[in-house]
Amino acid sequence: MTSTELAIFTDIFLAIEYPLYAHLAPGQQFGDNMSRQAILEQTHAGMEAAPKQKQEVEDFKAAFSRIALNVDTRVVTFTFKGRQSASRWINWRMPFASKLLTLVDYDGKRERARTTHEMVQLDYYEFTTSVRKGDVSSRGMHWLLTQTFGLQVQEMTHPETGKKGLNDKEWRIIVKGAGCPQKLRETAYIEVDKAAVMIHHHTINVNWPCASCHSPEHPTRYCKTPVAELAQRKQLFDLRVQGPLPSTTGYGVDMLKKGSLPTTLVQLDTMLKQGAYPERLSTSNKREGHVKPRTSV
Numbered sequence: 001m002t003s004t005e006l007a008i009f010t011d012i013f014l015a016i017e018y019p020l021y022a023h024l025a026p027g028q029q030f031g032d033n034m035s036r037q038a039i040l041e042q043t044h045a046g047m048e049a050a051p052k053q054k055q056e057v058e059d060f061k062a063a064f065s066r067i068a069l070n071v072d073t074r075v076v077t078f079t080f081k082g083r084q085s086a087s088r089w090i091n092w093r094m095p096f097a098s099k100l101l102t103l104v105d106y107d108g109k110r111e112r113a114r115t116t117h118e119m120v121q122l123d124y125y126e127f128t129t130s131v132r133k134g135d136v137s138s139r140g141m142h143w144l145l146t147q148t149f150g151l152q153v154q155e156m157t158h159p160e161t162g163k164k165g166l167n168d169k170e171w172r173i174i175v176k177g178a179g180c181p182q183k184l185r186e187t188a189y190i191e192v193d194k195a196a197v198m199i200h201h202h203t204i205n206v207n208w209p210c211a212s213c214h215s216p217e218h219p220t221r222y223c224k225t226p227v228a229e230l231a232q233r234k235q236l237f238d239l240r241v242q243g244p245l246p247s248t249t250g251y252g253v254d255m256l257k258k259g260s261l262p263t264t265l266v267q268l269d270t271m272l273k274q275g276a277y278p279e280r281l282s283t284s285n286k287r288e289g290h291v292k293p294r295t296s297v
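According to the UniProt record's numbering, the sequence shown is numbered sequentially starting from 1.
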């Protein structure tokens, strides 16, 4: 066998392998370029686990051939020798750094998506936004995310708040992309027009950003930033957007409240399609959009 044939054989052999994926839990943080041994050390049942559980974890470690952690997408990939050996562990809850992570067969989901068109979570990023000042409609929130950050919004819904129904001041948003866009990751608080919006990366952080300094890395009760330095600290996470929201230019829900609700399907279709967004928003910054906000919250 020549060296070329050996290289091709290696690729064929690796193509037979089958991966399963697990998303890190909120709050779990790891460094770049972790070795296989370092990742394996995070995969354990714990001292208090039953002997059966410990043995199951050891069987799992013996079953996969490769392991990798992508800190950008926050996904752990376990590669097995074949699809059959991987099938036993699909949907198994794996102990990883004191959390239980579910192993997902995304390759199988992609195959089914060709006919069902279901959304494959591995290809999308999810986060939460909340209005902290003023009024923002769903149209306005969509406009803000697409025009300011250039995001491809796949889905945005209001979360339910128990018996009180939908929370119309908050959205769960799914955008196209395997990981969090860098500009979005650096932003926690947005001011636009007369409104303000807070961003919570709920798949990364457990708590909402600090209300005092706007840092996404700690909750308000653990903020240690001196009062004199709060304004300067906020500049790292605040973004001021130049341009009015659609509701103030005749494009938003304010227009609907004035008696122009559609009464036929034709009128509804026309209303959904009419009125393209105003020209692209601009930010008042020259350094990644981060400037001191107009007011403190």
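We put the CB at the ideal spot given by N, CA and C, even for glycine.
Chain-order list of residues whose beta-carbon lies under 6 Å from that of residue i (same chain, five-residue window excluded)
i    : result
I39  : I67, L69
V104 : Y21
T73  : A178, G179
V206 : P26, G27
G165 : none
L100 : R93
R233 : C213, T225
Assigned secondary structure, residue i (DSSP; H/G/I helix, E/B strand, else coil)
i    : result
H142 : helix
K164 : helix
E17  : coil
A68  : strand
A63  : helix
Q235 : coil
Q152 : coil
Q28  : coil
T2   : coil
A50  : coil
T157 : strand
A38  : helix
A178 : coil
A45  : coil
Neighbourhood of residue i by C-beta distance below 7 Å, restricted to the same chain and skipping five residues each side
i    : result
Q42  : F96, A97
F149 : P181, K183, L184
V136 : A195, V197, L245
Residues of its chain near residue i, where Cβ-Cβ distance is below 8 Å and the 5 sequence neighbours each way are ignored
i    : result
D168 : H158
F80  : E17, Y18, P19, L20, A63, F64, S65, A86, W89
E160 : L166, N167
M119 : A113, Q154, E155, I174
Where residue i falls, given that 16 or more other Cβ within 10 Å makes a residue buried
i           : result
Q147        : buried
I204        : buried
M94         : buried
V175        : buried
Y189        : buried
V227        : exposed
L6          : exposed
Y222        : exposed
L265        : exposed
M1          : exposed
residue 302 : Because the chain spans 1 through 297 in this model, residue 302 falls outside it and cannot be assessed.
A276        : Model confidence at A276 stands at a pLDDT of 46, short of 50, so the residue's coordinates are unreliable; what they give is reported in the following sentence. The residue in question, A276, is exposed, as its Cβ has fewer than 16 Cβ neighbours within 10 Å.
D193        : buried
M141        : buried
T4          : exposed
Next on the checklist: Below 8 Å, how does it come out for the segment 126 to 137 and the segment 191 to 198: are there three or more Cβ pairs, yes or no?
Outcome noted: yes
Checklist entry - Can you give, in chain order, each stretch of the beta strand (DSSP E) that sits fully within the segment 70 to 140 and has at least 3 residues? => result 75 to 80, 93 to 96, 99 to 102, 124 to 133
Item to check | Stretch pair the segment 21 to 36 + the segment 50 to 60: three plus CB contacts closer than 8 Å | outcome: no
Next on the checklist: Quick check on the DSSP output: what are the complete beta strand (DSSP E) runs of length 3 or more inside the segment 184 to 220, in order along the chain?
Outcome noted: 189 to 192, 195 to 200
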